[in-house]
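With the sequence shown counted from 1, adding 15 to any position gets you the working numbering. By construction, the Cβ of each residue, glycine as well, lies at the ideal position given by its N, Cα and C atoms. Notes to accompany the following structure.
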Amino acid sequence: MSNQVITSENRNYQAVQIALTGFLALVVAMGIGRFTFTPQVPLMIAESQFTLTQAGIVAAFNYLGYFAGSYDAMRAQRFVEYRLWAGLWGAVIITLLSSLLDGPVLHSIARFFIGWASGWTLVLVAAWANEALAKLNRPGLSAAVFAGTGIGILISGMLAVGMQSWAMSASQAWLVYGILALLCSLYASRYLPRRGEFQRPQTVAGAVTQAFTLTAKIKRLVWSYCLAGFGYILPATFLSQMASERFPGSLFAQFVWPIFGGASVIGIILGILLRHVSTTQVRLAVTLWLQALGILMAEVLPGMSGLIIGALLVGGGFMCVVQLALLHGRELSPHHAQYMAGLLTTAYAVGQLVGPMLSAISTWLTGKLEPALYVAFIGLVIAGALVFNRNRVQSE
């Protein structure tokens, strides 16, 4: 009996450490590495490092790197652990190096490689943590892993408020973000899988390897997730800049990004509480439609209320969409979890890449983001329609 208790305690400890490691890895690679660019945009524009149109181009390089990294992670057969480690520490190093950079060209190069690092990290952390937690019979803890991105955004957003109130430069802000990423990575590195420890789900001993089939349901999910990436990325990239333009010098403008991050954590919690409501694809569709509503409210409602509602709805659905899409992909192809995670993340990255390119065209032609935001709204509506289905999923 005592051995059973010890075993149970060990399993719980291992599960918590895996979830915490994945959580911190996403805090670093996603919450800090990828998304600190958003609160940095107003600072760098104010310092004349680039224009709003050039900011869209710099962001596009970030998503091009994200596409490359996620595609490579999807197909990786060897050196998987090295990619995971390189993704985590690459995000730390490039964030620190960003404090030395100036101008759109150098920042575009940096954002490309930090995008690659975050693509590696998200796909491989999701595959590793989900599989490890499932083997320990603690699959519910995987939701905590995805909360890492939102917590990273929330913490970095609150730091941005403090740094702007202290009149720190963009260079100094990059340094602060990099130090935070470094501290988180030091702890996460204690439990990341070493060489030979990352076991691909489809090669688990005793399992029968099945060929991956691109079914109609999987195709709809891939297209939906691509549109989800396109739809959310414009407010996620330019929310701080939109608030700064509408309310110059206002303290509220500095808090919009932390609100987005806090909402994404709340969204994950609500996702856990509502996990038994209806089907995965219905919850995914509704979340996508709520994000679309958030974009519309940010444009239609005047004053601060529109931006607050937009930050809450778009931010609240942000990581929920990621978690639900990966879960639905796992339901549709349970023997190819890593490949599905990579395929979906690659599609997401394509959508994210198109978003900033559209914003650059929109601001170049009209001087405004609004035309691009309305297209993003339509994209999210279509994304929800593609996956909405009340029937229970049967893996094909």
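C-alpha gap between residue i and residue j, whole angstroms
| i | j | result |
| --- | --- | --- |
| Glu385 | His351 | 39 Å |
| Leu3 | Arg261 | Since the first and last residues shown for the chain are 16 and 411, residue 3 lies out of range. |
| Tyr240 | Tyr78 | 15 Å |
| Ser415 | Thr361 | The displayed coordinates of the chain run from 16 to 411. Any statement about residue 415 would go beyond what the structure contains. |
| Asn145 | Ser255 | 33 Å |
| Leu288 | Arg298 | 12 Å |
| Lys150 | Ala258 | 45 Å |
| Ala398 | Ala251 | 17 Å |
| Ile376 | Ser133 | 26 Å |
| Phe245 | Leu368 | 7 Å |
| Ile310 | Arg209 | 42 Å |
| Gly286 | Gly366 | 24 Å |
| Val138 | Gly357 | 6 Å |
| Ile60 | His291 | 45 Å |
| Arg126 | Gly382 | 24 Å |
| Glu62 | Trp304 | 37 Å |
| Ala196 | Leu67 | 27 Å |
| Lys232 | Gly130 | 28 Å |
| Pro263 | Tyr97 | 45 Å |
| Ser186 | Trp135 | 26 Å |
| Phe227 | Leu388 | 36 Å |
| Tyr81 | Ala364 | 6 Å |
| Val95 | Pro317 | 49 Å |
| Ala147 | Pro349 | 15 Å |
| Gly221 | Arg93 | Reliability of the predicted coordinates at Gly221 is poor, the pLDDT of 42 falling under 50, and no value is obtained from them. |
| His122 | Leu339 | 32 Å |
| Arg49 | Ala162 | 15 Å |
| Trp238 | Phe253 | 24 Å |
| Glu346 | Met355 | 10 Å |
| Leu103 | Thr294 | 33 Å |
Member of the options whose CA lies at the smallest distance from the CA of residue i
| i | options | result |
| --- | --- | --- |
| Asn404 | Val369, Ala106 and Val301 | Val301 |
| Leu322 | Ala340, Ser293, Ile274 and Gln296 | Ile274 |
| Ala159 | Gln69, Ile284, Trp238 and Ile248 | Ile284 |
| Met372 | Val176, Ser63 and Phe76 | Phe76 |
| Ala70 | Glu96, Trp379 and Ala400 | Trp379 |
| Gln55 | Ala106, Met183, Phe94 and Trp100 | Met183 |
| Ile324 | Trp272, Ala196, Ala125 and Gln187 | Trp272 |
| Leu328 | Arg345, Leu395, Leu359 and Ser293 | Leu395 |
| Ala119 | Phe52, Tyr97 and Leu229 | Looking at the sequence itself, residue 119 is Pro, so the reference to Ala does not match. The candidate whose alpha carbon is nearest that of Pro119 is Phe52. |
| Ala34 | Arg126, Ile108 and Tyr206 | Tyr206 |
| Val140 | Gly37, Ala106 and Gly172 | Gly37 |
| Ser180 | Leu342, Arg345 and Leu58 | Leu58 |
| Leu99 | Phe128, Gln338 and Trp143 | Trp143 |
| His343 | Ala307, Gln296, Phe50 and Glu314 | Gln296 |
| Met319 | Phe128, Tyr363, Leu148 and Phe270 | Phe270 |
| Ala417 | Leu249, Tyr354 and Trp104 | In this structure the chain extends from 16 to 411, so residue 417 is not present and cannot be described. |
| Ala326 | Met312, Ile109, Gln338 and Gly155 | Met312 |
| Ser171 | Met355, Ile47 and Tyr202 | Ile47 |
| Leu401 | Leu242, Leu201 and Ser293 | Leu242 |
| Glu314 | Phe392, Val337 and Leu359 | Phe392 |
| Gln64 | Leu156, Thr230, Cys199 and Asp117 | Asp117 |
| Gly201 | Tyr354, Ala74, Val337 and Ala106 | The residue you asked about is not Gly; residue 201 is Leu in the sequence shown. Comparing Cα-Cα distances from Leu201 to each of Tyr354, Ala74, Val337 and Ala106, the minimum goes to Ala106. |
| Asn25 | Leu347, Val176 and Arg153 | Arg153 |
| Val8 | Gly155, Ile124 and Ala203 | Any property of residue 8 remains undetermined from this structure, which presents the chain solely from 16 to 411. |
| Gly282 | Val176, Val337 and Ser265 | Val337 |
Distance cut-off 6 Å: residue i Cβ against heavy atoms of the ligand GDP
| i | result |
| --- | --- |
| Val43 | Judged by which ligands are present, the structure shown has none, so any question about the ligand GDP falls away. |
Given 8 Å, three or more beta-carbon pairs between the segment 267–278 and the segment 320–337: yes
State whether the segment 25–32 contacts the segment 74–89, with contact taken as three or more CB pairs (one from each stretch) at a distance under 8 Å. no
Within the chosen definition, does the segment 161–168 reach the segment 32–44 through at least 3 CB pairs nearer than 8 Å? yes
Meets three-Cβ-pair contact criterion under 8 Å: the segment 176–195 and the segment 112–128: yes
Which ranges would you report for the alpha helix (DSSP H) in the segment 265–300 if only whole runs of at least 4 residues count? 266–288
At 4 residues or longer, and completely inside the segment 120–151: list those alpha helix (DSSP H) runs for me, N to C. none
Start-end ranges of the alpha helix (DSSP H) lying completely within the segment 313–348, minimum 4 residues: 318–347
What residue ranges within the segment 69–96 form continuous beta strand (DSSP E) runs of no fewer than 3 residues, ordered along the chain? none
In chain order, which continuous runs of the alpha helix (DSSP H) of length 4 or greater are located wholly inside the segment 345–385? 352–381
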